[in-house]
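Last residue of the sequence shown: 428 in this note's numbering, with the numbers rising by one and none dropped.
Even glycine gets a Cβ: it sits at the ideal position worked out from N, Cα and C.
Note that the coordinates shown come from a computational prediction; the quantities given were computed from them, not determined experimentally.
Just below is one structure, and these are the notes that go with it.
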Amino acid sequence: MPMKVAGVNADEGRRPNGRLSMSRARSAASVLFLGLMTLPALAARESGRVVRQEAPFPAIYDSAVVPGGAPARYEVLRGDFHMPTIHSDGSLLPADRVMEAWQFGYDVIAITDHGSIRAYEEALPTAKALGILLFRGVETGLSGQEHLVALDFSAGYELRNPHQWAETPGQGRVFYQDELQRTAAAGAFVLYAHPHVGLREPVLWGIHQGLVLGIEVKNDVVGSEWNTVESLGTYWYPFGFDCAVEHNLTIFANSDVHGARAEVPQATTLILAGDRSLEGVMEAFRAGRTLAYFNNMLCSHEWVLKLLMSSLVDVQLTEVDDGRAFLRLQNHGPVELTAQIAGMPLVPVTLGPYQKVLVAVRRIPDAVTITWKNLYVRSTKNLTTTHNLLATSEQNQPPSPPSNDR
Numbered sequence: 023m024p025m026k027v028a029g030v031n032a033d034e035g036r037r038p039n040g041r042l043s044m045s046r047a048r049s050a051a052s053v054l055f056l057g058l059m060t061l062p063a064l065a066a067r068e069s070g071r072v073v074r075q076e077a078p079f080p081a082i083y084d085s086a087v088v089p090g091g092a093p094a095r096y097e098v099l100r101g102d103f104h105m106p107t108i109h110s111d112g113s114l115l116p117a118d119r120v121m122e123a124w125q126f127g128y129d130v131i132a133i134t135d136h137g138s139i140r141a142y143e144e145a146l147p148t149a150k151a152l153g154i155l156l157f158r159g160v161e162t163g164l165s166g167q168e169h170l171v172a173l174d175f176s177a178g179y180e181l182r183n184p185h186q187w188a189e190t191p192g193q194g195r196v197f198y199q200d201e202l203q204r205t206a207a208a209g210a211f212v213l214y215a216h217p218h219v220g221l222r223e224p225v226l227w228g229i230h231q232g233l234v235l236g237i238e239v240k241n242d243v244v245g246s247e248w249n250t251v252e253s254l255g256t257y258w259y260p261f262g263f264d265c266a267v268e269h270n271l272t273i274f275a276n277s278d279v280h281g282a283r284a285e286v287p288q289a290t291t292l293i294l295a296g297d298r299s300l301e302g303v304m305e306a307f308r309a310g311r312t313l314a315y316f317n318n319m320l321c322s323h324e325w326v327l328k329l330l331m332s333s334l335v336d337v338q339l340t341e342v343d344d345g346r347a348f349l350r351l352q353n354h355g356p357v358e359l360t361a362q363i364a365g366m367p368l369v370p371v372t373l374g375p376y377q378k379v380l381v382a383v384r385r386i387p388d389a390v391t392i393t394w395k396n397l398y399v400r401s402t403k404n405l406t407t408t409h410n411l412l413a414t415s416e417q418n419q420p421p422s423p424p425s426n427d428r
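Next up, the structure:
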């Protein structure tokens, strides 16, 4: 989002179409009402009672990882990897940002101030006390163009010309190719934030070089601005999702929250982590085991969604002595699912969080194919799964992930 760092406007005040990206009046208002924006977090802290919102996922098992051996076990963690504090254009203190994330059910976060990594050290004691995993993070990028979020770089990494990277060498500022390489050499995982200027050469170069590894397909704070596309009942970046699938990028949905969080559903990155640690989360990032969760939708690579669904949902056949038969669908998780069952003249079946549903069938099928209407493997394509009803213990295993030559 637009901000000033060391007296320089990192977006040069304008969107790609030349219009003001956000009105200066609204920016001024955000400063005037800083106290009001922080009231929920501060009031909760001062009352001495903060309640964490939790809705657990089941453990996810993948027997395809070690054929013949014990299945790999993944824990589903909730993450938000794009949020500023008072050290750039946010309104909360770093410690309050961590407390708020804990309250809203996040397990792992990164504070990504524009051009500043100061918040990390200030937030770390609170994160450790609450059991929140905290990555080092920063938001930077090219002059007036792409914003990039860097995560998990080494402690000795030094920022250079944040948000002022040059597109060509010899401009008196760091050249973006040099800086991407230097950032990656510091161990950073780099993702393309709110891809409002599209897929230009700098990002494509970074992707092809294995330096830009992820992309944000949903950013809560930009809303209908910053060249988002209205699709599927929300504003997001469908082309960013398709780009992720085509280029094997890790998929993110982040809040980019500047003020205090509202009591509304939050954009969330779900991570299938081998263990609850920064190392486990980063391994999942580099393997691509994430899902973007927003607007009651899950968007990810097909193999990741199938892996999740293999443990999230049971589909079985239930027969009654009087000859009746039912499909029994059980949702083991907190995400509402919408199932279109092939061959059945029914409206889609809504399977609520932790819910069991019986669907009557006229004949007993060997297998059933389900299109999940709120799960997406491309911006316009739903996930489809097939379930063997005559041998439910041998249901299809999720495919192994594609080879990753990053």
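Cβ-Cβ separation between residue 225 and residue 234: approximately 6 Å, consistent with a contact (criterion under 8 Å). In the three-state scheme derived from DSSP, where H, G and I count as helix and E and B as strand, residue 250 is classed as coil. A contact is defined here as three or more CB-CB pairs under 8 Å, and the stretch 318–332 meets this definition with respect to the stretch 67–83. Comparing alpha carbon positions, the residue from 100, 192 and 86 closest to residue 155 is 100. Look at residue 163 here: in three-state DSSP terms it is strand. In the DSSP assignment, residue 315 falls within the unbroken beta strand (DSSP E) covering 312–316.
In the DSSP assignment, residue 140 falls within the alpha helix (DSSP H) that extends over 140–152. Across the set 327, 209 and 131, the C-alpha of 131 shows the shortest separation from the C-alpha of residue 152. Per DSSP, residue 204 is one residue of the alpha helix (DSSP H) stretching across 198–207. Counting C-beta atoms within 10 angstroms of its own C-beta, residue 373 has 16 or more neighbours from the protein chains shown and is therefore classed as buried.
Beta-bridge annotation (DSSP): residue 394 is paired with 361 and 405. Less than 8 Å separates the beta-carbon of residue 357 from that of residue 375. The continuous stretches of alpha helix (DSSP H) do not include residue 132, which lies in the beta strand (DSSP E) extending over residues 130–132. A straight-line Cα-Cα distance of about 20 Å links residue 316 and residue 134.
Residue 178 and residue 199 have their C-alpha atoms some 20 Å from each other. By the neighbour-count criterion, in which a residue is buried when 16 or more other Cβ atoms sit within 10 angstroms of its Cβ, residue 230 is exposed. One alpha carbon belongs to residue 205, the other to residue 184, and they sit about 12 Å apart. For residue 169, the enclosing beta strand (DSSP E) stretches over residues 169–173. Bounds of the beta strand (DSSP E) holding residue 341 are 335–341. Taking the Cβ atoms as the reference, residue 106 lies roughly 6 Å from residue 280, within the contact range of under 8 Å. Beta-bridge annotation (DSSP): residue 378 is paired with 352. Relative to residue 310, the option among 274, 343 and 298 whose CA is nearest is 274. If the five residues before and after residue 266 are omitted, its C-beta is found closer than 6 Å to the C-beta atoms of 237 and 273, all from its own chain and listed in chain order. Between residue 247 and residue 365, the alpha-carbon positions lie close to 41 Å from each other. In the structure shown, residue 400 adopts extended strand secondary structure according to DSSP, grouped into three states. With contacts defined as CB atoms closer than 8 Å, residue 313 and residue 300 fail to qualify as a contacting pair. The C-beta separation of residue 349 from residue 337 comes to about 7 Å, placing the pair in contact by the 8 Å criterion.
The C-alpha of residue 171 is placed about 18 Å away from the C-alpha of residue 189.
Straight through space, the alpha carbons of residue 76 and residue 95 are spaced by roughly 21 Å. Note on residue 284: under 16 other CB atoms within 10 angstroms of its CB, so exposed under the neighbour-count rule. Residue 208 places its beta carbon less than 8 Å from that of residue 176.
Assigned with DSSP and collapsed to three states, residue 269 falls in helix. In this structure, residue 174 sits near residue 304, with a CB-CB distance shorter than 8 Å. Our two residues, residue 223 and residue 118, have alpha carbons roughly 38 Å apart in a direct line.
DSSP places residue 258 in the uninterrupted beta strand (DSSP E) bounded by 256–258. The beta carbons of residue 410 and residue 389 sit about 5 Å from each other, so the pair counts as a contact at 8 Å.
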